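There are 2 protein chains.
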Amino acid sequence: MASDPLPAVEFWFEFASNYSYLSVMRIEAEVQRQGVRLLWKPFLLGPIFRGLGMENSPFVGQKQKGAYVQRDMARQCRKYGLAPWTTPSVFPRLSVLPARVALLGADQPWIGAFSRAVMELNFVKDQDINAPDQVGAILTALDLPADALLAQARSDDIKGRLRQQTEQARAQGVFGAPTFFVGDEMFWGNDRLEDAFQFARETA
Amino acid sequence: MASDPLPAVEFWFEFASNYSYLSVMRIEAEVQRQGVRLLWKPFLLGPIFRGLGMENSPFVGQKQKGAYVQRDMARQCRKYGLAPWTTPSVFPRLSVLPARVALLGADQPWIGAFSRAVMELNFVKDQDINAPDQVGAILTALDLPADALLAQARSDDIKGRLRQQTEQARAQGVFGAPTFFVGDEMFWGNDRLEDAFQFARETA
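Protein sequences, first through last, are from chains A and B. Following the UniProt record's numbering, the numbering of the first sequence begins with 1 at its first residue and continues without gaps. Following the UniProt record's numbering, the numbering of the second sequence begins with 1 at its first residue and continues without gaps.
Encoded structure:
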C-alpha cells in the first residue's frame with residue numbers, strides 16, 4: 001500500500017460540548033483548505049471531568065464562566081456564520097448514543113454530515129440528541145440504514161470501544177473538548193484548530 | 001473639552017498571569033494598528049480566585065491543564081515572536097507591588113514599557129517581581145523617579161485603590177486574566193484581544 005502523504009490531525013470532540021460544536025461545523029472546510037488528513041475521535045467528557053474531580057462541566061460549576069460563555073458563543077457563532085446562538089435548555093446533554101454512532105462511522109464519508117446534524121440538533125434546534133428516533137432520523141436523511149446502525153451502536157463491541165476511546169483520551173492528557181493532536185502535540189480548544197492544522201503541515 | 005473620537009477598550013491584566021504576559025507584550029502594537037484607546041486596568045487575580053472558591057490558579061489546581069499550558073505557552077511565544085518560553089520557577093508570583101505601581105502609572109506614557117519590563121522579569125528572567133529593588137530598577141531604567149514612585153505605591157491611598165480596582169473587576173464579572181471590556185461587553189483571554197478591538201471599532 002502507498003503511504004498517505006497528508007499529515008494527520010486527531011480531532012477529539014464531544015456532542016454535548018458547545019466549543020466542539022464550533023469545530024465540528026467548520027472543520028471539514030478547513031481540512032479542504034489546509035490539506036490535512038482528519039481522524040475523527042468522538043469521546044465522552046463526563047468520565048474525564050469526573051476523573052478530574054469535577055461533578056459537571058466547568059460552565060455549570062462556575063457561574064461567572066458559564067454566563068460569559070453564552071456571550072462568547074453568540075459572538076463566535078456570528079463570526080463563523082453559524083445560526084444565531086441559543087442557550088440550550090439542557091446542558092450538558094447526554095450524548096452516548098450519537099457518540100457510539102460516530103465511532104461506528106469515524107472513517108466513513110458520512111461522519112462529517114452526521115456530526116454536524118447532531119450538533120445542530122443540540123445547539124440550534126435545542127433537542128434531545130440521545131433519543132434513538134432523533135439519531136435515526138439523521139441517519140435516514142443521510143440515506144443510511146438507520147435501524148441497522150442503531151442496533152450496531154448498541155452492541156457490546158461498540159459500547160466497549162467507546163469506553164476504550166474515552167480512556168485513550170484520558171491517557172493522552174485530554175481534559176476538555178475539542179482537543180487536537182498532531183502526533184504527541186496537543187492543542188486544546190476551538191481557538192487552536194488553525195494552529196494544530198498548521199503544525200501538522202509544518203511537521204509532516 | 002473635545003470628546004475623544006477613539007473607541008475605548010479596558011485591559012484588565014495581572015502580572016502573575018502568563019496569558020496576561022502575552023497580551024501585555026503585544027497590545028501597544030495592536031493599539032497602533034487598530035486605532036483604539038486603551039485603558040490599562042491592573043488588578044489582582046488572587047482575591048478573584050478565592051472569591052470563586054479556588055485556592056490557587058487553575059493551572060496549579062488542575063495538573064493536566066497546567067502541563068498543557070506549558071506547551072501552549074511555548075507555541076504562543078514562538079507565534080508572537082517573544083523570547084523562548086521558560087516555565088517560571090515560582091507560579092503564580094506575588095505581584096502586589098508592580099500592580100500598585102501600574103495603577104499609579106495607568107494613564108502615563110510609561111505604563112506600556114513598565115508593564116512589559118515587569119512581565120519579562122517574571123516570564124523571561126524568572127525573577128521575583130514583588131521586590132522593591134527589582135521594580136525600582138525598572139523605573140530607573142525608564143528615567144522615572146523610582147524612590148518617589150515606590151513610596152507613593154506603598155501609600156494607603158494606592159493600596160486602597162488597588163483593592164477597589166480588584167473589587168471592580170469582580171463586580172464586572174471578571175473570573176480570569178487577561179479580560180477586555182468594550183462598554184459592558186466582556187472578552188476573556190489573550191485569544192480574544194483582536195475580537196475585542198474589532199468590536200470596539202464596530203460599535204464606536
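Even for Gly, the Cβ is constructed at its ideal location relative to N, Cα and C. Since this is a predicted model, take the numbers as computed values, not measurements.
Under 8 Å between C-beta atoms of residue i and residue j
i	j	result
Leu-121 (chain B)	Pro-132 (chain B)	no
Thr-179 (chain B)	Leu-44 (chain B)	no
Tyr-19 (chain B)	Gly-173 (chain B)	no
Trp-12 (chain B)	Ile-111 (chain B)	no
Leu-142 (chain B)	Ile-27 (chain B)	no
Pro-7 (chain A)	Ala-171 (chain A)	no
Arg-75 (chain A)	Asp-195 (chain B)	yes
Phe-15 (chain A)	Met-119 (chain A)	yes
Lys-159 (chain B)	Arg-93 (chain B)	no
Phe-197 (chain A)	Glu-10 (chain A)	no
Asp-126 (chain B)	Pro-88 (chain B)	yes
Ala-148 (chain A)	Ile-48 (chain A)	no
Val-69 (chain A)	Leu-97 (chain A)	no
Ala-153 (chain A)	Ile-138 (chain A)	no
Tyr-21 (chain A)	Phe-123 (chain A)	yes
Cβ-heavy atom distance, residue i to the ligand SAM, below 7 Å
i	result
Lys-159 (chain A)	What this structure holds is no ligand at all, so the ligand SAM is not there to describe.
Partner residues on chain B for residue i, Cβ-Cβ distance less than 9 Å
i	result
Lys-41 (chain A)	Going along chain B, no residue has its Cβ under 9 Å from Lys-41 (chain A), so there is no contact; the nearest lies around 17 Å.
One or two residues paired with residue i in a DSSP bridge
i	result
Leu-39 (chain A)	A:Glu-10
Thr-179 (chain A)	A:Trp-12, A:Trp-188
Partner residues on chain A for residue i, Cβ-Cβ distance less than 8 Å
i	result
Phe-175 (chain B)	Gln-62, Gln-64, Lys-65, Tyr-68
Met-25 (chain B)	Those do not exist, as Met-25 (chain B) stays about 18 Å from chain A at its closest Cβ, beyond 8 Å.
Asp-195 (chain B)	Arg-75, Lys-79
Closer than 8 Å at the beta carbon, the chain B residues around residue i
i	result
Leu-52 (chain A)	Gln-62, Gln-64
Trp-110 (chain A)	Those within 8 Å of Trp-110 (chain A) in chain B number zero; the least Cβ separation is about 32 Å.
Met-186 (chain A)	Tyr-68, Arg-71
Beta-carbon separation (whole angstroms), residue i vs residue j, contact threshold 8 Å
i	j	result
Pro-42 (chain B)	Ala-106 (chain B)	7 Å
Ala-102 (chain A)	Phe-114 (chain A)	7 Å
Leu-52 (chain B)	Gln-108 (chain A)	With 8 Å as the limit, Leu-52 (chain B) and Gln-108 (chain A) do not qualify as a contact, their Cβ atoms being about 43 Å apart.
Asn-130 (chain A)	Ser-95 (chain A)	6 Å
Ser-57 (chain A)	Ala-177 (chain A)	Wrong, their Cβ atoms sit about 10 Å apart, outside the cutoff.
Ala-200 (chain B)	Val-36 (chain B)	5 Å
Beta-carbon neighbours of residue i, restricted to chain A and to distances below 7 Å
i	result
Asp-191 (chain B)	Asp-191
Contact list for residue i against chain B, beta-carbon separation under 7 Å
i	result
Val-157 (chain A)	Per the sequence shown, the amino acid found at residue 157 (chain A) is Asp instead of Val. Going along chain B, no residue has its Cβ under 7 Å from Asp-157 (chain A), so there is no contact; the nearest lies around 29 Å.
Q) Where in the segment 48-112 of chain A do unbroken runs of the alpha helix (DSSP H), each at least 4 residues long, occur, reported from the N-terminal end onward? A) 58-61, 63-79, 96-104
Q) Taking any Cβ of chain D, which residues in the segment 60-80 of chain A have a Cβ under 8 Å from it, in chain order? A) Absent from the structure: chain D. Protein chains present are A and B.
Q. Along the chain, which unbroken stretches of the alpha helix (DSSP H) at least 4 residues long are found entirely within the segment 124-168 of chain B?
A. 132-141, 146-153
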